[in-house]
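> Chains as they are written, first to last, in UniProt numbering: chain B, 1 to 607; chain V, 1 to 367. Using N, Cα and C, we set each Cβ at its ideal position, and we do this for glycine too. As the structure is a prediction and not an experimental result, all values here were calculated from the model.
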Amino acid sequence: MSTTDTGKGAAAQDDSTAVRDDNTAVRDDNDLGAAGSQLSTAPREDAPNLPSLGVIGWARWFWRQLTSMRVALLLLFLLSLGAIPGSLIPQSGTDAMKVEQFAKDHPTLTPIYENLGLFHVYSSVWFSAIYILLFISLIGCIVPRTWQFVGQLRGRPPGAPRRLTRLPAYTTWRTEAEPEQVREAALTLLKKRRFRAHTAGDAVAAEKGYLREVGNLAFHIALIVMLIAFAWGQLFRSEGNKLIVEGDGFANTLTQYDDFKSGNLFSTDDLPPFSFTLKDFKGTYARTGPNRGTPRVYEASVTYSEGADGKEEKAKIGPTDPLRLDGSNLYLVSHGYAPVVTVRDAKGDVVYSQAVPLLPLDSNVTSSGAIKVLDGYTNAKGRKEQLGFNAFFVPTFAGAGQGQMLSQFPALDFPVLALSAYHGDLGVNSGLPQSVYQLDRTNMKEFKDSKGNLLKQRLLPGETMKLPGGNGSITFEKDVKEWAGFQVTHEPGSGWALTGSVAAIFGLAASLFIQRRRVWVRATKGADGVTVVEMAGLGRSESAKVPQELGDLAAVLYDTAPGAPDPDAEPEPDAKDPDAKPTAGAKTSEADPTPDPQAVPAEGADK
Amino acid sequence: MTLAAATNENLANLSNTLIYSAMAVYTLAFFAYIAEWTFGSRSKVSRTAAALTPDAKGAKKDAKKAGAPEVTVKKAGGTAVLERPKVVTRAAAGARDVPDGPGAHGGDEQGDLYGRIAVSLTVLAFLIEFGGVLTRALSVQRAPWGNMYEFNITFSTVAVGVYLSLLALKKNVRWLGLPLVTSVLLDLGLAVTVLYTASDQLVPALDSYWLYIHVSTAIFCGAVFYVGAVGTILYLFKDSYENKLASGGTPGRFATSVMERLPASASLDKFAYRVNAAVFPLWTFTIIAGAIWAGDAWGRYWGWDPKETWAFITWVAYACYLHARATAGWKGRKAAYIALAAFACWLFNYYGVNIFVSGKHSYADVG
Ligand code: HEM
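1. Excluding the 5 residues flanking B/H335 on each side, which residues of the same chain have their C-beta closer than 7 Å to its C-beta?
2. In whole angstroms, give me the CA-to-CA distance for V/A326 and B/V530.
3. Classify V/Y337 as helix, strand or coil using the three-state DSSP reduction.
4. Give every residue of the same chain whose Cβ lies closer than 7 Å to the Cβ of V/Y350, excluding the five residues on either side of it in the sequence, and list them in chain order.
5. Does the CB of B/F236 have a neighbour CB from chain V at under 7 Å?
6. What separation, rounded to the nearest whole angstrom, lies between the Cα atoms of B/R27 and V/W304?
7. Determine whether the Cβ of B/L79 lies closer than 7 Å to any Cβ atom of chain V.
8. Given a cut-off of 7 Å on the beta-carbon distance, is the pair V/K238 and V/L262 in contact?
9. By a C-beta neighbour count over all protein chains shown, 10 Å radius and 16 as the cutoff for buried, is V/W37 buried or exposed?
10. Quick one: any contact between the region 486–494 of chain B and the region 231–239 of chain B, if contact means 3 or more CB pairs under 8 Å?
11. Just curious, the beta strand (DSSP E) that B/D259 is in, first and last residue?
12. Do V/N243 and V/A191 have their C-beta atoms within less than 7 Å of each other?
13. If you run the structure through DSSP and keep just helix, strand and coil, what is B/Q354?
14. Identify the contact partners of V/G103 in chain B, using a Cβ-Cβ distance below 9 Å as the criterion.
15. Excluding the 5 residues flanking V/M23 on each side, which residues of the same chain have their C-beta closer than 6 Å to its C-beta?
16. Of all the CB atoms in chain V, is at least one closer than 7 Å to the CB of B/R441?
17. Check whether chain B comes within 7 Å of V/F285, counting only Cβ atoms and requiring the distance to be less than that.
18. Can you check which of these residues, B/I139, B/D202 and B/V150, is closest to B/G526 by C-alpha distance?
19. Would you say B/D577 faces chain V, with C-beta separation under 7 Å as the test?
20. Which residue wins for smallest C-alpha separation from V/S267, given the options V/L236, V/Y209, V/L134 and V/E109?
21. Is the region 78–88 of chain B touching the region 313–325 of chain V in the sense that three or more CB pairs, one from each, lie closer than 8 Å?
22. Just mark V/N276 as buried or exposed, buried being the case when its beta carbon has 16 or more other beta carbons within 10 Å.
23. If you follow the beta strand (DSSP E) that B/H335 is part of, which residue opens it and which one closes it?
24. Does DSSP put B/Q487 in a helix, in a strand, or in coil?
25. Of the residues that make up the region 167–182 of chain B, which ones have a beta carbon closer than 9 Å to any beta carbon in chain V?
26. Taking only the alpha-carbon atoms, compute the straight-line gap between B/L223 and V/G352 and give it to the nearest angstrom.
27. Output yes or no for whether 7 Å exceeds the beta carbon distance between B/G369 and B/L387.
28. Pick helix, strand or coil for V/L18, following the three-state DSSP scheme.
29. Can the beta-carbon of V/P281 be found less than 7 Å from the beta-carbon of B/L211?
30. Which of the three DSSP states, helix, strand or coil, is assigned to B/A59?
31. Count the other CB atoms within 10 Å of the CB of B/A554; is the residue buried (16 or more) or exposed (fewer)?
32. Within 10 Å of its beta-carbon, does V/A328 have 16 or more other beta-carbons around it, so buried, or fewer, so exposed?
33. If you drop the 5 nearest sequence neighbours on each side, which residues of the same chain put their C-beta closer than 6 Å to that of V/T157?
34. Answer yes or no: do B/V341 and B/V365 have a C-beta to C-beta separation smaller than 7 Å?
35. Give me the Cβ distance between V/H323 and B/M226, rounded to the nearest whole Å; I'm assuming they're in contact under 8 Å.
36. Just confirm the distance between the C-beta atoms of B/V519 and B/L190, as a whole number of angstroms; I'd bet it's less than 8 Å.
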């Protein structure tokens, strides 16, 4: 049984089936037995016949199903279908306002959607179930495939099948050279072409392109690495926002953030120590063209230091150019203006002098906010009080008499600050959290102008609004600072995700571009004492490259074992006329019911 | 600051002129391809029928031999074509062994002439369109991928470029010409009417070198996927045709005339697979590059924004296709339907998401 000697180890089971198949003659004429097996490590596809073996049998059956290609395919399908609703229905994670709007517009649908988790598809139970099953399936698929592949690497390429004529690419010729010589030459040639080759019986068996399998396994493993890295990142991530006016600084502790979100397993000890100061913010905008007013350059110049007492360094942060600090990234996410105002009390003492950050309302940076004077102010009657101002700011005013306080352009071309004034109790000590951008007017009284209305005034830089009754004043200084909103994110695992994705790409490329293929060269003495050489090639998929390569190899080998005259002693029309009918040996057996005249002796040789 | 880099009106106008000229030449190419198909219909080959009917073994053998590479044996003292081993190829079990059609011209000389003219016109139109994209890029002093108009003109340029490269590599793909040029005309028509956007610079969020990497590969992948999808559609038609013949049916005259000239269904299927498989790793890279860019621009690598979601869906759908081809019971037509669904996802991501769904990527403004 030398022809089906496939080397040790790798394919014991397949060998036996192959031998049986070979001996029971031609059934499916593409059934190549051991020779065709294991050209990939793809799971065997067996028909789902139901087990009758109790719990363990069922568990096994279930596992086999879960790790089959068919179920993996189904799960991939479900994954792509399941991802769709999240792109069409508003998601609370990305846009909570839209979800609220949706709930208002569709009162009947909303509870149904809510129950199905359709407002947070990507963290819903069913979506998680799909991808977790997929990854279990993936792991259940990779582990055995890896072992199988290691086995294949330790073993040797399977021996030649009986009938090489059945293979997708085949060639044969007769030669004067001895069979041993031919085999030796073939072995050397194939090894030189970096095939793994060995002689098994009357044929040389060779295989190449194992890197395809390596790539495929690497790709699938990389998918798992990416998923774990992603999950890790979600659990340990933190994300905080901080608004900083030019000249101010920030140190990375929880209390300094305006708001802060974190993953389930995050602890504040994970916040890396660093600090930075916003030196300058620069924004420029398109002045002409259809996109007038759209931003052109945003740039925050900062100085920062890492660690508890690190050296101070300079950096520029842009919208797509975050500052990468030890484990955290510092992003520039928003910006606006902070007019500097000075408030004086009844005696004329300065009680408040600050840049007040205001929140932009539109793309031309019409902004609003509040000025709160908490302590130090005494009114005309000598009583301590708090002051509050509603502030409205436009960087480019349309001009006096030209309508509302709406900005015409985002740059500081014609800044105007509009204020309305209140006094009383700001309510900041009530214990309830309060927005710094809004006044709680429940315990505040309006300042009245001469007509008895709320005191309101539009101020140009340098102008002052007097509070009635000698109660002091507020001045819009000739200085408007800019502020920048920063997001500090800490996302561990992104390095792993990146490594995984790079590995995935290379693995995929290897898996898709490299062909794994086998070549067999059989040399036997024919009945008439002349050596018959048969060569055949098999690839995992039908590819033009396999016959091409076989042709190349055959041409080289033919050089060492040149052709001998045909036994039928035809006048060899082939040699001169390439378009003539194929020679007897080159004929395919498929269309030919009679046994191939040359394949038969070849097969008979070892009987 | 960069305001100084004002858009150059002249270049922008030149670009528009070039795009319109390219459309005109593509239209001529379109008619030349039509002429090729029309003249080609005079030939009455029916190789498929011959190969699929049992009493026509002769034709079958011929076809097989055509697939075998010629082997040249080198001898010391010059290359001599000697008696050489011929490689016989053989289709896998269950696969039909049908010869490829001769192409649109169907062996008709006049048809072939028109086909050659069509290809030449396509080359010319490609060069003009390429010039249009280039001047557009120069006029805005950046890569021309800032809005859908620019995506569209680049997209069709790349698709035609891929087709012409395959032709230059001596691949048998001239049958792609007519469907390709037709859709290029549609694509450009959309671009200059609905999608036209005057040239301008980018908003800061788009201004990153990852944009160049991410968007250029995305457009390239789309163009290649498109070529693959054309192959898949033709495969489905040809496969039905062959099925009908094999089961003893008689397809209509028009179907016969067209189908006989296309490559065999197996070849079309293989073509589509190769194209899709070749570009799938690049598509994977595109998504990852996009994630890196999103990480820089928005502070998170992946946020299930509609555009990201659909890129992911497209990716999974193509992975489905690749798996289906390796799964018994899913090969062939079913896999082809998956490939088409995957391309539909790509298209939806390109047009649908930009137009109907609002998300962070909505700066690709329309109109
Ligand atoms: C996250 C999901 C998955 C993705 C994106 C994915 C992707 C891919 C890709 C692109 C290929 C290359 C196809 C080719 O060689 O033509 C492939 C091959 C393969 N995949 Fe997956 N896969 C996934 C999950 C799985 C799972 C769960 C299994 C386990 C059953 C699996 C088993 C295989 C096998 C066996 C091959 C090789 C096919 C062959 O060599 O013929 N994959 N996969």
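In brief:
1. Here the question's residue 335 of chain B lines up with position 335 in the first sequence. If we look at B/H335 and ignore the five residues flanking it on each side, its Cβ neighbours are F281, G283, Y298, E482, W483, A484 and G485.
2. Position 326 of the second sequence, counted from the start, is the residue given in the question as residue 326 of chain V. Position 530 of the first sequence, counted from the start, is the residue given in the question as residue 530 of chain B. Cα to Cα, the separation comes out at about 42 Å.
3. What you label residue 337 of chain V is simply residue 337 of the second sequence in a count that begins at 1. Three-state result, V/Y337: helix.
4. Residue numbering aside, residue 350 of chain V sits at position 350 when the second sequence is read from its first letter. Correct list, in chain order: G222.
5. Along the first sequence, read from residue 1 onward, the residue named residue 236 of chain B stands at position 236. Not an interface residue.
6. Sequence index remark: in the first sequence, residue 27 of chain B carries index 27 (1-based). Sequence index remark: in the second sequence, residue 304 of chain V carries index 304 (1-based). Annotation note: pLDDT 36 at B/R27 (below 50); position unreliable, no value reported.
7. Within the first sequence, the letter at position 79 stands for residue 79 of chain B. At least one beta carbon of chain V lies nearer than 7 Å to the beta carbon of B/L79.
8. On the second sequence, residue 238 of chain V is found 238 positions in, with the first residue counted as 1. On the second sequence, residue 262 of chain V is found 262 positions in, with the first residue counted as 1. Their beta carbons are under 7 Å apart, which means V/K238 touches V/L262 by this criterion.
9. In the second sequence, the residue the question calls residue 37 of chain V occupies position 37. Of the residues assessed, V/W37 falls on the buried side of the cut-off, its CB having 16 or more other CB atoms within 10 angstroms.
10. Short answer: they touch.
11. The sequence position of residue 259 of chain B within the first sequence is 259, counting from 1. Under the DSSP assignment, B/D259 falls in the beta strand (DSSP E) whose first and last residues are D259 to S262.
12. Residue mapping note: residue 243 of chain V aligns to position 243 of the second sequence, counting from 1. Residue mapping note: residue 191 of chain V aligns to position 191 of the second sequence, counting from 1. Against a cut-off of 7 Å, the Cβ pair of V/A191 and V/N243 comes out as no contact.
13. In the first sequence, residue 354 of chain B corresponds to position 354, counting from 1. Under the three-state reduction of DSSP, B/Q354 is assigned to strand.
14. Taking the first residue of the second sequence as position 1, residue 103 of chain V is located at position 103. Residues of chain B with a Cβ closer than 9 Å to the Cβ of V/G103 do not exist, since the nearest Cβ in that chain sits about 18 Å away.
15. Counting from 1 along the second sequence, the entry for residue 23 of chain V is found at position 23. Excluding residues up to 5 positions away in sequence, L188 lie with their Cβ nearer than 6 Å to the Cβ of V/M23 in the same chain.
16. For the purposes of this step, residue 441 of chain B is identified with residue 441 of the first sequence, where counting begins at 1. Taking Cβ atoms only, chain V never reaches closer than 7 Å to B/R441, which makes this a no.
17. As a working note, residue 285 of chain V is residue 285 in the second sequence. Proximity of V/F285 to chain B, defined by a Cβ-Cβ separation below 7 Å, is satisfied.
18. As a first step, residue 526 of chain B must be located in the first sequence, where it is residue number 526. The shortest Cα separation from B/G526 among B/I139, B/D202 and B/V150 belongs to B/D202.
19. Locating residue 577 of chain B in the first sequence gives position 577, where the first residue counts as 1. Confidence at B/D577 is low in this model, with a pLDDT of 39, below 50, so the placement of that residue is unreliable and no value is reported for it.
20. Here residue 267 of chain V corresponds to residue number 267 of the second sequence, with the count starting at 1. Here the closest residue by C-alpha is V/L236.
21. Between the region 313–325 of chain V and the region 78–88 of chain B there are three or more C-beta pairs closer than 8 Å, enough to call the two in contact.
22. Counted from its first residue, the second sequence places residue 276 of chain V at position 276. Buried: at least 16 other Cβ atoms inside 10 Å.
23. Start at 1 with the first residue of the first sequence, and residue 335 of chain B comes out as number 335. First-last of the beta strand (DSSP E) with B/H335: S328 to R344.
24. As a working mapping, residue 487 of chain B is identified with position 487 in the first sequence. B/Q487 falls in the strand class under three-state DSSP.
25. Across the region 167–182 of chain B, CB contacts with chain V closer than 9 Å involve L167, P168, A169, Y170, T171, T172 and W173, in sequence order along the chain.
26. In the first sequence, the residue the question calls residue 223 of chain B occupies position 223. In the second sequence, the residue the question calls residue 352 of chain V occupies position 352. A direct Cα-Cα distance of roughly 28 Å separates B/L223 from V/G352.
27. To locate residue 369 of chain B, count along the first sequence from 1; it is residue 369. To locate residue 387 of chain B, count along the first sequence from 1; it is residue 387. No, the Cβ-Cβ distance between B/G369 and B/L387 is not below 7 Å.
28. Here residue 18 of chain V refers to the residue found at position 18 of the second sequence. DSSP, reduced to helix, strand and coil, places V/L18 within a helical segment of the structure shown.
29. For the purposes of this step, residue 281 of chain V is identified with residue 281 of the second sequence, where counting begins at 1. For the purposes of this step, residue 211 of chain B is identified with residue 211 of the first sequence, where counting begins at 1. Taking 7 Å as the Cβ cut-off, V/P281 and B/L211 do not qualify as a contacting pair.
30. Position 59 of the first sequence, counted from the start, is the residue given in the question as residue 59 of chain B. Of the three classes helix, strand and coil, the one that applies to B/A59 here is helix, per DSSP.
31. Sequence index remark: in the first sequence, residue 554 of chain B carries index 554 (1-based). Label assigned to B/A554: buried.
32. The residue given as residue 328 of chain V occupies position 328 in the second sequence. Exposed, since its Cβ has fewer than 16 Cβ neighbours within 10 Å.
33. As a working note, residue 157 of chain V is residue 157 in the second sequence. Around V/T157, the same chain offers E129, F130 and V133 as residues with beta carbons nearer than 6 Å, after the five sequence neighbours per side are excluded.
34. Counting from one through the first sequence, the residue named residue 341 of chain B turns up at place 341. Counting from one through the first sequence, the residue named residue 365 of chain B turns up at place 365. The answer is no: Cβ separation not under 7 Å.
35. Locating residue 323 of chain V in the second sequence gives position 323, counting from the first residue. Locating residue 226 of chain B in the first sequence gives position 226, counting from the first residue. Separation of the CB atoms of V/H323 and B/M226 is rounded to 18 Å, and the pair is thereby denied contact status at 8 Å.
36. Here residue 519 of chain B refers to the residue found at position 519 when the first sequence is read from its first residue. Here residue 190 of chain B refers to the residue found at position 190 when the first sequence is read from its first residue. With 8 Å as the limit, B/V519 and B/L190 qualify as a contact, their Cβ atoms being about 7 Å apart.
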